[in-house]
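Visitor: Numbering (mature numbering (1 follows the signal peptide of the UniProt record, and there is no 0)), first residue to last: -30 to -1, 1 to 188.
Input: one structure, supplied below.
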């Protein structure tokens, strides 16, 4: 019990006074109690290590060739095939006449399993028997001519070593008559390299020889 003004208050009064004091504002706002929280530890992420996968490498049954494999150019052109090519060869200036077979054909091994053929063609018609060319074939395929200009006279066509021909040309001095070449003849070797014919020199030309053109059809 409390004593107020010399009087004793009962317990109920004393309790009411305490409640009144608790209701008086103090000017400070009560802060809510902060409950400490603990962050959950991150769940470790499993690390996946890739296992190398073996790559299958196909092994060819046959190893690749270091060079293209081509069949040898075997066989020789027939006389009719030779005549057809010569018949399509004309002089550029006139586009008249053609060539006919005069010497050969002569065939040799090319040294690579194939065959080379050469033949001398004569301009036709002709009044002086001049104007000649050498025609070449590899197997049955026409390769070309010894020159795009006619030679006055070809005196010889013969086999050389493997893959080669030797062609001999009459050599005229500027003042020589058509019948009589006074300079030593010139021999040119034509040799197969495996892909083309290579000449060892140039046929001798007299004056301004006529140019020719081969019109191959089909």
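The C-beta atom is built at its ideal place from N, Cα and C for all residues, glycine as well.
1) How about residue 86 and residue 107: are their beta carbons less than 9 Å apart?
2) What does the alpha-carbon distance come out to for the pair residue 51 and residue 42?
3) Can you check which of these residues, 68, 112, 47, is closest to residue 102 by C-alpha distance?
4) Output the distance between the C-alpha atoms of residue 99 and residue 54, rounded to the nearest integer angstrom.
5) What are the boundary residues of the beta strand (DSSP E) that includes residue 89?
6) Report the rounded CA-to-CA distance for residue 150 versus residue 115, giving the unit in angstroms.
7) Expressed to the nearest angstrom, what Euclidean distance is found between the alpha-carbon atoms of residue 148 and residue 123?
8) One question on the structure: do residue 139 and residue 156 come within less than 9 Å of each other, judged by their Cβ atoms?
9) Give the straight-line distance between the Cα atoms of residue 183 and residue 170, rounded to the nearest whole angstrom.
10) Cβ atoms of residue 79 and residue 132: under 9 Å apart, would you say?
11) Once DSSP output is grouped into helix, strand and coil, what is the label at residue 58?
12) Could you compute how far the alpha carbon of residue 153 sits from the alpha carbon of residue 48?
13) Just curious, the beta strand (DSSP E) that residue 169 is in, first and last residue?
14) Nearest CA to the CA of residue 178: which residue from 45, 81, 74, 120?
15) Taking only the alpha-carbon atoms, compute the straight-line gap between residue 74 and residue 57 and give it to the nearest angstrom.
16) Does DSSP put residue 111 in a helix, in a strand, or in coil?
17) Out of 77, 62, 60, 173, point me to the one whose CA is closest to residue 162's CA.
18) Can you tell me where the beta strand (DSSP E) with residue 71 in it begins and where it stops?
19) Output the distance between the C-alpha atoms of residue 82 and residue 164, rounded to the nearest integer angstrom.
20) What does DSSP give as the partner residue(s) for residue 126 in the beta ladder?
21) From the DSSP output, which residues share a beta bridge with residue 160?
Guide: Let's see:
1) Stepping through the chain shown from its first residue, residue 86 is reached at position 116. Stepping through the chain shown from its first residue, residue 107 is reached at position 137. For residue 86 and residue 107, yes; Cβs fall inside 9 Å.
2) As a working mapping, residue 51 is identified with position 81 in the chain shown. As a working mapping, residue 42 is identified with position 72 in the chain shown. Near 20 Å, if we compare the C-alpha coordinates of residue 42 and residue 51.
3) Locating residue 102 in the chain shown gives position 132, where the first residue counts as 1. Nearest of 68, 112, 47 to residue 102, Cα basis: 68.
4) Here residue 99 is taken as the residue at index 129 of the chain shown, counted from 1. Here residue 54 is taken as the residue at index 84 of the chain shown, counted from 1. Each residue's alpha carbon lies about 20 Å from the other.
5) On the chain shown, position 119 is the one that residue 89 refers to. Element bounds for residue 89: 85 to 94.
6) For the purposes of this step, residue 150 is identified with residue 180 of the chain shown, where counting begins at 1. For the purposes of this step, residue 115 is identified with residue 145 of the chain shown, where counting begins at 1. Approximately 25 Å, taken between the alpha carbons.
7) By 1-based counting over the chain shown, the position of residue 148 is 178. By 1-based counting over the chain shown, the position of residue 123 is 153. Those two C-alpha atoms are separated by around 9 Å.
8) In the chain shown, the residue the question calls residue 139 occupies position 169. In the chain shown, the residue the question calls residue 156 occupies position 186. Result yes, Cβ atoms of residue 139 and residue 156 sit closer than 9 Å.
9) Counting from 1 along the chain shown, the entry for residue 183 is found at position 213. Counting from 1 along the chain shown, the entry for residue 170 is found at position 200. Those two C-alpha atoms are separated by around 23 Å.
10) In the chain shown, residue 132 corresponds to position 162, counting from 1. In the chain shown, residue 79 corresponds to position 109, counting from 1. Closer than 9 Å, so yes.
11) The residue given as residue 58 occupies position 88 in the chain shown. Three-state result, residue 58: coil.
12) Along the chain shown, read from residue 1 onward, the residue named residue 153 stands at position 183. Along the chain shown, read from residue 1 onward, the residue named residue 48 stands at position 78. When rounded, the distance between both Cα atoms is 36 Å.
13) Within the chain shown, numbered from 1, the residue matching residue 169 stands at position 199. Residue 169 -> beta strand (DSSP E) spans 167 to 169.
14) Position 208 of the chain shown, counted from the start, is the residue given in the question as residue 178. In this structure, 120 is the residue among 45, 81, 74, 120 with its C-alpha nearest to the C-alpha of residue 178.
15) For this step, residue 74 is matched to residue 104 along the chain shown. For this step, residue 57 is matched to residue 87 along the chain shown. So the two alpha carbons sit approximately 16 Å from each other.
16) The sequence position of residue 111 within the chain shown is 141, counting from 1. Strand at residue 111.
17) Working through the chain shown from its first residue, we reach residue 162 at position 192. Considering only alpha carbons, the answer is 77.
18) What you label residue 71 is simply residue 101 of the chain shown in a count that begins at 1. Looking at the DSSP string, the run of the beta strand (DSSP E) that includes residue 71 is 68 to 79.
19) For the purposes of this step, residue 82 is taken as the residue at position 112 of the chain shown. For the purposes of this step, residue 164 is taken as the residue at position 194 of the chain shown. Approximately 7 Å, taken between the alpha carbons.
20) Position 156 of the chain shown, counted from the start, is the residue given in the question as residue 126. In DSSP, residue 126 forms a bridge with 138.
21) Taking the first residue of the chain shown as position 1, residue 160 is located at position 190. Partner(s): 135, 169.
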